[in-house]
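Scroll down for the structure; my scribbles are underneath it.
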Amino acid sequence: MVYRIHFDCADLARTTIAQRPDPLWEVLLGLHVLQGDEEPEVYGPWRERVRGRLTVPERELIALAPPVGYSPDFLTPRAAGEGLEAGLTAVAATPAGQLISELRRLSDSVRLPNWTRRLASGDTGVMTRLVHGLRSFHRTKIAPQLPMISTAIEPAVAQHNSIVANDGFESLIPQLHGSLGWAAPVLSVDMPHVNRDLYLNGRGLRLVPSFFCWKYPMMLLDPTLPPVLVYPVKHDPAPVVVRRPDRDRAVAVLLGRTRAQVLTCISDGACSTSELAARTGISPASASEHARVLHDTGLVTTHRVGSSVRHTLNRVGAEVLAGART
Numbered sequence: 001m002v003y004r005i006h007f008d009c010a011d012l013a014r015t016t017i018a019q020r021p022d023p024l025w026e027v028l029l030g031l032h033v034l035q036g037d038e039e040p041e042v043y044g045p046w047r048e049r050v051r052g053r054l055t056v057p058e059r060e061l062i063a064l065a066p067p068v069g070y071s072p073d074f075l076t077p078r079a080a081g082e083g084l085e086a087g088l089t090a091v092a093a094t095p096a097g098q099l100i101s102e103l104r105r106l107s108d109s110v111r112l113p114n115w116t117r118r119l120a121s122g123d124t125g126v127m128t129r130l131v132h133g134l135r136s137f138h139r140t141k142i143a144p145q146l147p148m149i150s151t152a153i154e155p156a157v158a159q160h161n162s163i164v165a166n167d168g169f170e171s172l173i174p175q176l177h178g179s180l181g182w183a184a185p186v187l188s189v190d191m192p193h194v195n196r197d198l199y200l201n202g203r204g205l206r207l208v209p210s211f212f213c214w215k216y217p218m219m220l221l222d223p224t225l226p227p228v229l230v231y232p233v234k235h236d237p238a239p240v241v242v243r244r245p246d247r248d249r250a251v252a253v254l255l256g257r258t259r260a261q262v263l264t265c266i267s268d269g270a271c272s273t274s275e276l277a278a279r280t281g282i283s284p285a286s287a288s289e290h291a292r293v294l295h296d297t298g299l300v301t302t303h304r305v306g307s308s309v310r311h312t313l314n315r316v317g318a319e320v321l322a323g324a325r326t
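Numbers 1 to 326, taken from the UniProt record's numbering, label the letters of the sequence shown in order.
Following this line, the structure appears as structure tokens:
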């Protein structure tokens with residue numbers, strides 16, 4: 001089975017590589033991984049730790065994310081590329097027609113719980129609970145792994161950027177994944193049980209690296225949505241973050257509300273100081289000062305990229321957040 005993606009000149013010019021994983025794609029794919037037993041060396045410790053710690057709203061997400069087959073497109077909106085909160089805002093604003101159509105399609109393959117009917121009917125309370133579950137799963141199950149995820153993703157993306165800059169898009173394709181092939185102007189993706197064509201029609205393609213996409217690249221089903229191809233990045237086995245709840249709660253209290261907010265926003269994904277200021281709603285000078293303190297106390301890693309700096313949650317910072325939310 002082959003998924004064929006048809007390019008024209010405008011599509012090649014508008015194809016981009018995301019520099020970091022998409023938070024809601026990682027949530028969806030993490031839910032898939034959680035329900036299986038694949039790649040035990042990489043995901044096994046994470047599964048063992050997470051399965052016994054799911055909250056009720058997080059557990060409800062499993063109904064929308066079967067490990068095999070279709071998952072609704074509205075769970076992974078394009079806005080998630082702008083950060084977790086932007087993505088959650090987009091999920092909450094999913095048009096009623098899209099909700100009904102996608103939940104109906106999902107019900108063709110799995111038995112859905114009653115609350116999904118209320119979701120499809122526009123019950124804002126159910127949508128709020130769904131968004132809370134997505135946010136909670138990311139911040140307590142995905143964010144603590146960000147140091148390990150960054151270690152896998154950042155070198156791979158840097159290499160992909162270099163290949164495109166030096167050798168062009170065609171040379172990148174075989175480096176992304178073994179299931180991908182290029183015969184101009186068609187990008188083919190070998191996928192089980194999928195045989196279809198997607199015409200980009202000048203929209204370009206967004207290539208998104210993923211830690212939890214473990215076997216095959218993933219795409220949205222709806223051809224009218226902005227085209228995205230999520231591809232697995234190879235990574236080595238690594239230990240999961242060990243939480244120390246009592247210590248972490250105490251440290252989180254000492255941070256203060258604004259600084260804790262800054263740390264939480266950095267956990268949504270690596271960002272520059274100006275991006276951090278926008279996420280938190282504080283001035284760039286204040287964001288810079290809070291990020292400096294978090295760096296000095298060992299919760300955040302800061303490194304220079306060209307003329308700007310980027311702030312990334314490190315292992316200690318992830319432990320603090322995980323403990324604070326226990």
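Think of the CB as a built atom: it goes at the ideal place given N, C-alpha and C, for glycine as much as any other residue. All figures in this text were calculated on a predicted structure; none of them were measured in a lab.
Same chain, Cβ closer than 7 angstroms to residue i, five either side skipped, listed in chain order
{"i": "Q19", "result": "V157"}
{"i": "F74", "result": "V91, T94, Q98, L99 and E102"}
{"i": "S136", "result": "T55, P57 and E58"}
{"i": "P223", "result": "L198"}
{"i": "V126", "result": "W115, R118 and L119"}
Neighbourhood of residue i by C-beta, 8 angstroms cutoff - its chain only, sequence neighbours within 5 removed
{"i": "M1", "result": "D190, M191, P192, H193, V194 and N195"}
Inter-residue Cα distance where the pair is residue i and residue j
{"i": "T302", "j": "C9", "result": "38 angstroms"}
{"i": "I149", "j": "F211", "result": "6 angstroms"}
{"i": "P217", "j": "S179", "result": "8 angstroms"}
{"i": "E102", "j": "V228", "result": "18 angstroms"}
{"i": "V241", "j": "S307", "result": "In this prediction, V241 has a pLDDT of 43, which is less than 50 and means its spatial position is unreliable; what the coordinates show is noted afterwards. When rounded, the distance between both Cα atoms is 32 angstroms."}
{"i": "T297", "j": "A291", "result": "10 angstroms"}
{"i": "V293", "j": "L263", "result": "11 angstroms"}
{"i": "S286", "j": "T116", "result": "42 angstroms"}
{"i": "V300", "j": "L112", "result": "41 angstroms"}
{"i": "residue 343", "j": "P147", "result": "For the chain, the structure presents residues 1 to 326; residue 343 sits outside this window and is missing."}
{"i": "V320", "j": "S109", "result": "40 angstroms"}
{"i": "T258", "j": "E170", "result": "46 angstroms"}
{"i": "E82", "j": "N114", "result": "32 angstroms"}
{"i": "A152", "j": "Y43", "result": "14 angstroms"}
{"i": "Q175", "j": "R47", "result": "28 angstroms"}
{"i": "W182", "j": "R53", "result": "43 angstroms"}
{"i": "Y231", "j": "Q261", "result": "31 angstroms"}
{"i": "G281", "j": "I163", "result": "37 angstroms"}
{"i": "L221", "j": "H295", "result": "41 angstroms"}
{"i": "D11", "j": "R203", "result": "6 angstroms"}
Cβ distance (whole Å) where residue i is taken to contact residue j below 8 angstroms
{"i": "I142", "j": "E39", "result": "That pair is no contact at about 16 angstroms."}
{"i": "W5", "j": "H160", "result": "In the sequence as presented, Trp is not what sits at residue 5; that position holds Ile. Actually they do not touch by this definition, with Cβ atoms about 17 angstroms apart."}
{"i": "P226", "j": "R78", "result": "4 angstroms"}
{"i": "V309", "j": "S272", "result": "7 angstroms"}
{"i": "P23", "j": "V208", "result": "Contact flag wrong, Cβ pair sits at about 11 angstroms."}
{"i": "P144", "j": "A318", "result": "4 angstroms"}
{"i": "R51", "j": "L34", "result": "7 angstroms"}
Burial state of residue i (16 or more Cβ within 10 Å)
{"i": "P245", "result": "Low confidence applies to P245: its pLDDT is 44, below 50, so where it sits in the model is not reliable, and the reading given next is rough at best. Its Cβ having fewer than 16 others within 10 Å, P245 is exposed."}
{"i": "N314", "result": "buried"}
{"i": "D248", "result": "Unreliable placement is indicated for D248, whose pLDDT of 43 sits below 50; the coordinate value is still reported in the next sentence. By the neighbour-count rule (16 or more Cβ atoms within 10 Å), D248 is buried."}
{"i": "V84", "result": "With the sequence shown as reference, residue 84 is identified as Leu, and Val is not the correct amino acid for it. Buried."}
{"i": "P67", "result": "exposed"}
{"i": "R304", "result": "exposed"}
{"i": "A184", "result": "exposed"}
{"i": "G133", "result": "buried"}
{"i": "residue 329", "result": "This structure gives no information on residue 329, because the portion of the chain shown stretches from 1 to 326."}
{"i": "D268", "result": "buried"}
{"i": "I266", "result": "buried"}
{"i": "A65", "result": "buried"}
According to DSSP, residues forming a beta bridge with residue i
{"i": "T280", "result": "DSSP output for T280 lists no bridge partner at all."}
{"i": "D190", "result": "V2"}
{"i": "C271", "result": "H311"}
{"i": "M219", "result": "L229"}
{"i": "T301", "result": "T312"}
{"i": "residue 328", "result": "Beyond the ends of the chain as shown, which are 1 and 326, falls residue 328; an answer cannot be given."}
{"i": "Y199", "result": "H6"}
{"i": "G181", "result": "S188"}
Cβ neighbours of residue i in the same chain (closer than 6 angstroms, five flanking residues each side left out)
{"i": "G122", "result": "A96"}
{"i": "R206", "result": "T16 and V228"}
{"i": "H235", "result": "A152"}
{"i": "S274", "result": "P284"}
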